[in-house]
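Asks:
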Amino acid sequence: SISGYHIREAGSTAVQELAFTFSNAIAYVNAAIESGLDVDKFASRISFFFNSHNHFFEEIAKFRAARKIWANIMKKRFNVSSKKGQMCRFHTQTAGSTLQAQQIDNNIIRTTMQATAAILGGTQSLHTNSKDEALSLPTEESAQIALRTQQILAYETGIPNAVDPLAGSYYIEDLTNQIEEKTLQLISKIDELGGSISAIENNFQQNKIADSAYKYQKSID
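Next comes the structure, spelled out in structure tokens:
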């Protein structure tokens, strides 16, 4: 399981979350191959852990782009032929960094929208944050509300009954393509720097995240 959640929580953009996570994944796969493992045998065991943030449509497009990007990485970069090995399986957690300490009941709405975006984007599993997590560990009551949020979305809305229901929407398709293109450009930049580990050692990712976090906080302020 390769995490991008902490990258987004630190202040990255949606594109940076995908690019940095997949660059890390490429480094993991290369290390496994170098140690003698067969990529066709372990590819299907790789999964991801993503964040679902506030921008509803951007997050849906991000998850849709993620599946395309990872499939192409496994197919073209690592010559994985099996469909299962090319699948981007991922768990999603709603964005803890978006929760506010003031008027905490509003956090239920934030979490619900983030969870809905993850479902529409095709997540395989989901964690919904509790409303009071900006203050403390969740109370039993708030943890139950977080659970009920998932259950209402799963069993009362009909949302999970359709696979990729926003496919064909001009806005969603265009946004998906934009995120894919920008993510691939950033992955190429990391490749030029010698890969994920080399880029981390040169503070490339850290500096990019710091800039994005500053801009995001500035926009809130």
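Count the sequence shown with the working numbering and you get residues 1237 to 1457, in order. Glycine is no exception: its CB is placed at the ideal position from the N, C-alpha and C atoms.
What did DSSP end up calling Ile1282 once you bin it into helix, strand or coil?
Replies: Correct three-state label for Ile1282: coil.
Asks: By DSSP, does Asn1287 sit in helix, in strand, or in coil?
Replies: strand
Asks: Mind checking which residues open and close the alpha helix (DSSP H) that includes Leu1420?
Replies: Its alpha helix (DSSP H) spans residues Tyr1406 to Glu1428.
Asks: For Asn1343, which residues of its own chain have a beta-carbon under 6 Å away from its beta-carbon, when the five flanking residues on both sides are left out?
Replies: Leu1335 and Lys1367
Asks: Between the Cα of Ala1327 and the Cα atoms of Ile1296, Phe1286, Ala1379 and Val1251, which residue gives the shortest distance?
Replies: Residue identity check: residue 1327 is His in the sequence provided, not Ala. Answer by Cα proximity: Phe1286.
Asks: Which whole-angstrom value describes the C-beta separation of Ser1248 and Ser1448, a residue pair presumed to lie in contact below a C-beta threshold of 8 Å?
Replies: With 8 Å as the limit, Ser1248 and Ser1448 qualify as a contact, their Cβ atoms being about 5 Å apart.
Asks: List the DSSP bridge partners of Ile1238.
Replies: Phe1284
Asks: Which word fits Val1265, buried or exposed, when buried means at least 16 other C-beta atoms lie within 10 angstroms of its C-beta?
Replies: buried
Asks: CA-CA distance, Pro1374 and Leu1383?
Replies: Their Cα atoms are separated by approximately 12 Å.
Asks: Taking one C-beta from the segment 1237 to 1245 and one from the segment 1420 to 1427 each time, how about it: are there three or more such pairs within less than 8 Å?
Replies: no
Asks: Nearest-angstrom Cα distance between Ile1345 and Thr1359?
Replies: 19 Å
Asks: Looking at the strands, I want to know which residues DSSP matches up with Thr1328.
Replies: As DSSP reads the structure, Thr1328 sits in a beta bridge with Phe1286 and Leu1362.
Asks: I need the DSSP call for Gly1247, collapsed to helix, strand or coil.
Replies: coil
Asks: Report all residues from its chain with a CB closer than 8 Å to the CB of Thr1257; omit the five preceding and five following residues, and keep chain order.
Replies: So the list reads Ile1238, Ser1239, Gly1240, Ile1243, Phe1284 and Phe1286, once near-sequence residues are dropped.
Asks: Please go through the same chain and pick out, in chain order, the residues whose beta-carbon is closer than 6 Å to the beta-carbon of Asn1290, but skip the five residues on each side of it.
Replies: Thr1334
Asks: In chain order, what residues of the same chain have a beta carbon less than 7 Å from the beta carbon of Pro1401, not counting five sequence neighbours either side?
Replies: Leu1356
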